[in-house]
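Asker: Under the numbering used here, the first residue of the sequence shown carries the number 101, and numbering increases by one thereafter.
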Amino acid sequence: MGIFKLHSKFQPSGDQPQAITKLIRGIEKGFDFQTLLGVTGSGKTFTMANVISHFDMPVLVIAPNKALAAQLYREYKNFFPENSVNYFVSYYDYYQPEAYMPHTDTYIDKEAMVNEEIEKLRHQATSALMTRRDVIVVASVSCIYNLGVPANYLESSIHLEVGKPITRGDLIRQLVHIHFSRTNAQVTVGTFRVRGEIFECMPASGSVGYRIELEDQKVKELYTIDPLTKTNIETLREIIIFPPKHFVTSEPEIKSAVKNIQRELDERLA
Numbered sequence: 101m102g103i104f105k106l107h108s109k110f111q112p113s114g115d116q117p118q119a120i121t122k123l124i125r126g127i128e129k130g131f132d133f134q135t136l137l138g139v140t141g142s143g144k145t146f147t148m149a150n151v152i153s154h155f156d157m158p159v160l161v162i163a164p165n166k167a168l169a170a171q172l173y174r175e176y177k178n179f180f181p182e183n184s185v186n187y188f189v190s191y192y193d194y195y196q197p198e199a200y201m202p203h204t205d206t207y208i209d210k211e212a213m214v215n216e217e218i219e220k221l222r223h224q225a226t227s228a229l230m231t232r233r234d235v236i237v238v239a240s241v242s243c244i245y246n247l248g249v250p251a252n253y254l255e256s257s258i259h260l261e262v263g264k265p266i267t268r269g270d271l272i273r274q275l276v277h278i279h280f281s282r283t284n285a286q287v288t289v290g291t292f293r294v295r296g297e298i299f300e301c302m303p304a305s306g307s308v309g310y311r312i313e314l315e316d317q318k319v320k321e322l323y324t325i326d327p328l329t330k331t332n333i334e335t336l337r338e339i340i341i342f343p344p345k346h347f348v349t350s351e352p353e354i355k356s357a358v359k360n361i362q363r364e365l366d367e368r369l370a
């Protein structure tokens with residue numbers, strides 16, 4: 101059995117055991133494509149859950165629309181409560197692309213409305229993929245589009261553990277560098293607050309916040325905190341803080357781009 105722990109009061113029956121065995125063998129043989137046929141209500145999701153439970157690799161489930169993705173997400177959450185099941189769909193509640201109407205000489209600007217809760221779930225999915233293997237991501241077709249460079253996203257993360265040497269100034273600079281905003285008000289998603297040697301920050305996943313206590317230029321304590329009450333929930337030995345934005349660029353790439361821009365500017369002004 102694999103790293104996925106399937107929870108169900110039912111056992112495969114009818115044609116399901118045969119289908120499960122064939123699908124598992126096909127994956128082990130390296131088949132690129134396999135098709136599972138079945139009428140509505142025949143247990144295709146349960147069949148695939150049994151297949152998933154035999155392997156030790158992250159799983160991507162693509163649904164044709166948000167509604168079906170949400171349904172599958174709920175079902176897989178029930179089947180795999182001990183594992184990381186995530187929901188990744190477009191975060192736009194409304195999107196109006198820019199347009200031009202020549203007969204009236206009217207330009208319509210782009211307009212969009214982002215669903216913050218879905219954005220949190222997207223960050224939970226990418227963070228899970230970077231930190232563990234028992235991950236199932238249920239997504240809509242929009243997941244095939246580029247989301248930045250995974251290596252840059254991982255390299256931009258901040259890894260802290262109790263006893264690790266770090267100064268107050270260095271931690272502030274690192275958080276700002278990966279696009280966290282400093283605030284003296286309420287800590288919200290993508291912001292952090294510093295009071296003396298105590299940091300509070302809210303990652304983009306937004307499920308819990310972090311409290312980081314420094315002493316003698318070292319990490320003294322790490323906690324997860326309630327986003328609303330700011331009370332400590334759990335004491336941790338280490339944390340990884342990921343950027344609050346998916347599109348991040350490494351320092352060498354920024355320096356290279358600046359040089360190219362300067363070179364092109366010099367050529368045009370010559």
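Using N, Cα and C, we set each Cβ at its ideal position, and we do this for glycine too. Values in this document were obtained by computation on a predicted structure and should not be read as measured data.
I want to know whether the stretch 254–267 touches the stretch 316–327 - three or more CB-CB distances under 8 Å.
Answerer: A contact exists between the stretch 254–267 and the stretch 316–327.
Asker: Could you pull the start and end residues of the beta strand (DSSP E) that ILE236 belongs to?
Answerer: Within the sequence shown, numbered from 1, the residue matching residue 236 stands at position 136. Here the beta strand (DSSP E) through ILE236 covers 235–240.
Asker: Buried or exposed: which applies to THR231, given that a residue is buried once 16 or more other Cβ atoms fall within 10 Å of its Cβ?
Answerer: To locate residue 231, count along the sequence shown from 1; it is residue 131. Exposed: under 16 other Cβ atoms inside 10 Å.
Asker: DSSP puts ILE320 in a beta bridge; with which residues?
Answerer: As a position in the sequence shown, residue 320 is number 220, starting the count at 1. Note that residue 320 is Lys in the sequence shown here, rather than Ile. According to DSSP, LYS320 bridges with nothing at all.
Asker: Under 8 Å, with one C-beta from each stretch per pair, do the stretch 294–310 and the stretch 329–347 reach the 3-pair mark?
Answerer: yes
Asker: Ignoring anything shorter than 3 residues or poking outside the stretch 255–318, list the beta strand (DSSP E) runs there in chain order.
Answerer: 258–261, 291–295, 298–301, 309–315
Asker: Should VAL276 go down as buried or exposed, given a rule of 16 or more other Cβ atoms within 10 Å for buried?
Answerer: Position 176 of the sequence shown, counted from the first residue, corresponds to residue 276. Here VAL276 is exposed. Its C-beta has fewer than 16 other C-beta atoms within 10 Å.
Asker: Can you tell me whether DSSP reads ILE325 as helix, strand or coil?
Answerer: Reading the sequence shown from its first residue, position 225 is the one you call residue 325. Residue state, collapsed to three classes: strand.
Asker: Tell me whether the beta-carbon of ILE298 lies closer than 8 Å to the beta-carbon of ILE278.
Answerer: Position 198 of the sequence shown, counted from the first residue, corresponds to residue 298. Position 178 of the sequence shown, counted from the first residue, corresponds to residue 278. It is not a contact, given that the beta carbons lie outside the stated cut-off.
Asker: Which class does GLU198 belong to by DSSP, given the choice of helix, strand or coil?
Answerer: Stepping through the sequence shown from its first residue, residue 198 is reached at position 98. Of the three classes helix, strand and coil, the one that applies to GLU198 here is coil, per DSSP.
Asker: Work out the CA separation of TYR191 and CYS243 for me, nearest whole Å.
Answerer: For the purposes of this step, residue 243 is identified with residue 143 of the sequence shown, where counting begins at 1. For the purposes of this step, residue 191 is identified with residue 91 of the sequence shown, where counting begins at 1. Approximately 11 Å between the Cα atoms of the pair.
Asker: Within the stretch 127–208, note down every full beta strand (DSSP E) run reaching 3 residues or more, in order along the chain.
Answerer: 159–163, 184–188, 192–196, 199–201, 206–208
Asker: In terms of alpha-carbon separation, which member of ILE127, VAL249, HIS223 lies closest to ASP156?
Answerer: Indexing the sequence shown from 1 puts residue 156 at position 56. For the residues ILE127, VAL249, HIS223, the minimum Cα distance to ASP156 belongs to ILE127.
Asker: Can you check which of these residues, ASN186, ARG273, TYR195, is closest to ILE218 by C-alpha distance?
Answerer: Stepping through the sequence shown from its first residue, residue 218 is reached at position 118. Here the closest residue by C-alpha is ASN186.
Asker: Can you have a look at HIS223 and say buried or exposed, based on whether 16 or more other CB atoms are within 10 angstroms of its CB?
Answerer: For the purposes of this step, residue 223 is taken as residue 123 along the sequence shown, with counting starting at 1. The residue in question, HIS223, is buried, as its Cβ has 16 or more Cβ neighbours within 10 Å.
Asker: Can you tell me which of GLU321, THR147, ASP209, THR204 puts its alpha carbon nearest to the alpha carbon of PHE179?
Answerer: Position 79 of the sequence shown, counted from the start, is the residue given in the question as residue 179. Cα-wise, what sits closest to PHE179 is THR147.
Asker: What residue range does the beta strand (DSSP E) around ILE341 cover?
Answerer: Reading the sequence shown from its first residue, position 241 is the one you call residue 341. Looking at the DSSP string, the run of the beta strand (DSSP E) that includes ILE341 is 338–341.
Asker: Give the straight-line distance between the Cα atoms of THR331 and LYS177, rounded to the nearest whole angstrom.
Answerer: Walking along the sequence shown from the start, residue 331 turns up at place 231. Walking along the sequence shown from the start, residue 177 turns up at place 77. Between THR331 and LYS177, the C-alpha separation is close to 28 Å.
Asker: Have a look at SER184 and ILE236 and give me their C-alpha separation to the nearest angstrom.
Answerer: Indexing the sequence shown from 1 puts residue 184 at position 84. Indexing the sequence shown from 1 puts residue 236 at position 136. Those two C-alpha atoms are separated by around 6 Å.
Asker: Quick one: is ASN150 buried, meaning 16 or more other Cβ sit within 10 Å of its Cβ, or exposed?
Answerer: What you label residue 150 is simply residue 50 of the sequence shown in a count that begins at 1. Per the 10 Å Cβ criterion, buried.
Asker: Considering Cα atoms alone, identify which of PRO158, LEU172, SER113 is closest to PHE104.
Answerer: The residue you call residue 104 lines up with position 4 of the sequence shown. Measuring from the Cα of PHE104, the nearest candidate turns out to be PRO158.
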